[in-house]
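See below for the structure under consideration.
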Amino acid sequence: MTRQRRTPQSTGAERARAAPGGFRAAPAVAMLVTSTALGVAAFVSLEPSVPERDVTERPIQVEGDGYVSSTACQACHPAEYESWYGSYHRTMTQVATPETVRADFDGVQVANAHGRPMALERDGEEFWAEFDDPGWEGPPADRPRIRRQVVMITGSHHQNIYWYATGHDRGLNVLPGVYLLEEQQWAERSAVVLHPPGQSLAMLDGHWNAICIVCHTTQGKTAFDTPYRSEPFDQQTVDTTVAEFGIACESCHGPAQAHVEANRSPLRRYGLHVSGDGDPSIVLPTRLDPQRSSQVCGQCHSVWEFYDQQGERVANAAGLPYRPGDELRDTRFIAQPSVDRTSPEMVAFLENDPDFVRGSFWPDGMIRVSGREYNGLIDSPCFRDATDPDRTLSCFSCHTMHKDPRDGRTVATWADTHQVSTDMDGNEACLQCHEPIRADVSAHTRHGVGSSGSSCYNCHMPYTSYGLLKTIRSHTISSPTATETAELGRPNACNLCHLDKTLGWTADRLQDWYATPVPALGDDDRTVAASLLWLLKGDAGLRALAAQSMGWAPAQATSGTSWMVPHLGEALDDPYEAVRFIAAASLRTLPASATLQFDFAGPRQSRIDAAVGLLRAWRASSSARARRDPELLVDENGELRLDAMRRLREGRDQRPLFLRE
Amino acid sequence: MTSKTKATVDYTRRHLRFGWWSLLGFLSLGFVLELLHGFKAGLYLDVSNETRRLMWTLAHAHGALLGLIHILYALCLRQVAGMDARNQSPVSWALIGASILLPGGFFAGGVQFYDGDPGLGIVLVPVGAACLVIGVFLVARAVGSAAPGTGRAGTSPRR
């Protein structure tokens, strides 16, 4: 009678004790089923993404040829990955997504678009544009509209250049408008390059696939079935692929598959760690000699061409043959007009493009456009004439591709300051080799300690290169002379800061201080400030440099600013949009015109009105006209010497100029 | 019988004491790591120190969990009948070795390291892991072979 009978009312614990083993596992099974169901639900609710291989309307990323992409590098090199990830190298080319597109596409009309306004539209994750067909060859009035999806972006620092899917294979073409990031403004494609006004730009169908890909991606393969431009684009087959969009790890370190596989072995890794030996399975550019290490940068930062069409066809199918550590000139021709104007390759260059030298170089062969700094380096005596590898200038003497962990700057700041190495943004960059000058820098510079005139950069790397609607420092290390200005037309460093002084003044100072020969100078060189001669008489490139220097703080502090307003105001009506853009930017740095409202691509009358308004305000201000130096084209009454200005403008170098930045 | 009981009590006390002190030590390490987070210490949080952060986090987690294992082991000695205290010496030393080598190796591996690879101190970790596996295996075997029922080892009532 004491034996209990199991009843339907028995407790759960009793049931559990009584049940066989499988039943006791029920709670665990329930939890397993629940967690599995939750996992499946989470997976199913993910946004479906199209595998890259299935994308058909644009170039795609594929692994191969030993390239494994930056994701393979991240795990072992987190710090290097982080600083590369924050650099503009990574974002040089991006697929258009809501995260990467910086312009507003939500129902926006863009007036400046080489024709009727361009209509932008966002459809979920997609970006679309409707605009006049750039390929139309019939009567302008019949030019049809086309609507295309924006799929790729070039640039993320100063500009977003948007590429649309042409609908023909993986071929891309460029939108007629470019988005300026800092100004948050659209501009016509022709307006963002220094390009002759009224001269139509080349049609760019397939341009990204054939040209941009070379330097803006990692291991790009153009994959045209016939040479680019050898027949109509829409009759060519285009199957463009890249290892990775943007300039990624393997652009500078070479394909990494062998490195990744070799270093799966911890014994190998720790052997290298402990011994301190370099890893032969990967290229570390900083361990190369200065020539080879700089060529890693020079593979993109140079003016180059294939030696022949066979070379182009090989690269078209298999990607560029150059690998970091190789001799760059083995597989491509580096244009260096400072020492070579007669080689067959250079002659071919010039036959194909007679304005080639003028569009990229100063008359003596010094590079004058941005993005080609390797050309500047190889013409620099610190590189060209150096015999000691430890004292040879290279790109890595001043720049670093990965921020030093001890560098207190943020990655963003480091990237925004041209990836200059720690402490290399000042005189240390030069003094690391030119040690004797360190003891008394002023004795060398003849300028005050710590002043802008005692900056090595300002005298030996002045702002004489142009690109991306601004000037950049020359990367040819040189010393200022009056000759370079008088005979070559290139601004000298002295007058880029002493904007209110004549070239004659500079020539005399340089002769007194450094026994620099004085060239033959004209009357204007002795009587008119050099900056005004550049602004009034120079070609468009020179005018851009002069306008920009008037917005440069050290030059403003040295030369004063009140006299600049009417001259920069006149530049607001320059025929070249790029010059107008820069002049307006410089005017906005001046107190008298800080709030200038000006559309550099607007109608001419609005530009004239803006210039006249500035001139009137300047004339109405006695303090603004305080400087009455004849060199500044202001007479003793504080009036502009309009006759002299007119005469100088009539002598302007009017030759069309397209700077191939 | 007396010596057997005494030895069992010693192991129990040894591992209770080791476990709690170990727990205190490694929870304190966790507190220090939280402070490093709180004050955004670059030596711990910078991406260039990611390996250190991982290693020290692993040291904290392994040390604290191993402290719990010591306590659990001590409770097993006390509660599971039939665990022969005379055979616990290898288990005890294996668990203590694991508690020193595993978190110690991780910690040392984070003090000095090579980019994505921990420093040479990491070689202690697999040795510690082996100690832990051996110790846990021996405990599992001892528990499995112990007589059913509960009570202090060697003293629990048998049916």
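Respectively, the protein sequence lines represent chains A and B. Following my numbering, the numbering of the first sequence begins with 12 at its first residue and continues without gaps. Following my numbering, the numbering of the second sequence begins with 16 at its first residue and continues without gaps. In this text, a Cβ means the ideal position worked out from N, Cα and C, and glycines have one as well.
For the pair A:Ala254 and A:Gln522, the CB atoms are not nearer than the 8 Å cut-off. Cβ-Cβ distances below 7 Å link A:Ala637 to Ser573 in the same chain, with the five nearest sequence neighbours on each side left out; the list follows chain order. By the neighbour-count criterion, in which a residue is buried when 16 or more other Cβ atoms sit within 10 angstroms of its Cβ, A:Leu547 is buried. Of all residues in the segment 129-163 of chain B, only Tyr129, Asp130, Gly131, Asp132 and Leu135 place a beta-carbon less than 8 Å from a beta-carbon of chain A.
DSSP, read as helix, strand or coil, puts A:Met103 in helix. Bounds of the beta strand (DSSP E) holding A:Gly478 are Ser476 to Gly478. Among the bridge pairs identified by DSSP, A:Lys481 is matched with A:Gly478.
Listed in chain order, the positions of the segment 283-313 of chain A with a beta carbon within less than 7 Å of a beta carbon of chain B are His284.
Straight across, the Cα-Cα distance linking A:Phe317 with A:Arg340 is about 10 Å.
Interface with chain B (8 Å Cβ-Cβ cutoff): A:Arg280 is included.
Assignment of A:Lys512 by DSSP, reduced to helix, strand and coil, places it in the coil class. Against chain A, a Cβ distance below 7 Å from B:Val62 picks out Pro89, Ala90 and Glu93. For a Cβ distance threshold of 7 Å, nothing in chain B lies close to A:Ala267: the least Cβ distance comes to about 14 Å. Residue-level contact check: B:Glu49 does not touch chain A, since none of the beta carbons of chain A fall below 8 Å from its beta carbon. Using a C-beta cut-off of 8 Å, the segment 327-340 of chain A makes contact with the segment 301-309 of chain A, since at least three inter-stretch Cβ pairs fall below that distance. Taking C-beta atoms as the reference points, A:Val225 and A:Gly217 fail to come closer than 8 Å. A:Cys467 and A:Gly437 have their C-alpha atoms some 8 Å from each other.
With its beta carbon less than 8 Å from one in chain B, A:Ala86 belongs to the interface. Residue state for A:Asn363 is assigned as helix, using DSSP reduced to three classes. In this structure A:Pro207 touches A:Phe669 by the C-beta definition: roughly 6 Å separates them, less than 8 Å. At a cut-off of 8 Å between C-beta atoms, A:Pro416 counts as an interface residue with respect to chain B. A:Lys414 is classed as buried because its beta carbon has at least 16 other beta carbons within 10 Å across all chains shown. Relative to the Cα of A:Val112, the nearest Cα in the group A:Gly126, A:Leu57, A:Arg658 and A:Glu132 belongs to A:Glu132. Straight-line measurement puts the Cα of A:Ala83 at about 37 Å from the Cα of A:Asp245. By the C-beta density criterion, A:Gln608 is exposed, having fewer than 16 other C-beta atoms within 10 angstroms. Shown here, B:Tyr129 sits in a strand according to DSSP, grouped into three states.
Look at A:Thr494 here: in three-state DSSP terms it is helix. Residue range Ala564 to Ser570 is occupied by the alpha helix (DSSP H) that includes A:Thr569.
Straight through space, the alpha carbons of A:Val294 and A:Ala329 are spaced by roughly 20 Å.
Within a 10 Å sphere around the beta-carbon of A:Thr233 sit 16 or more other beta-carbons, which makes this residue buried. Annotated three-state conformation of A:Val590 is helix, per DSSP.
Collapsing the DSSP output to three states places B:Lys55 in coil.
With fewer than 16 other CB atoms across the displayed protein chains lying within 10 angstroms of its CB, A:Tyr525 is exposed. Exclusion of the five residues before and after B:Asn64 leaves Gly57 and Leu58 as the residues of its chain whose Cβ lies within less than 8 Å of its Cβ. Rounded to whole angstroms, A:Thr433 and B:Leu81 show a C-alpha spacing of 44 Å.
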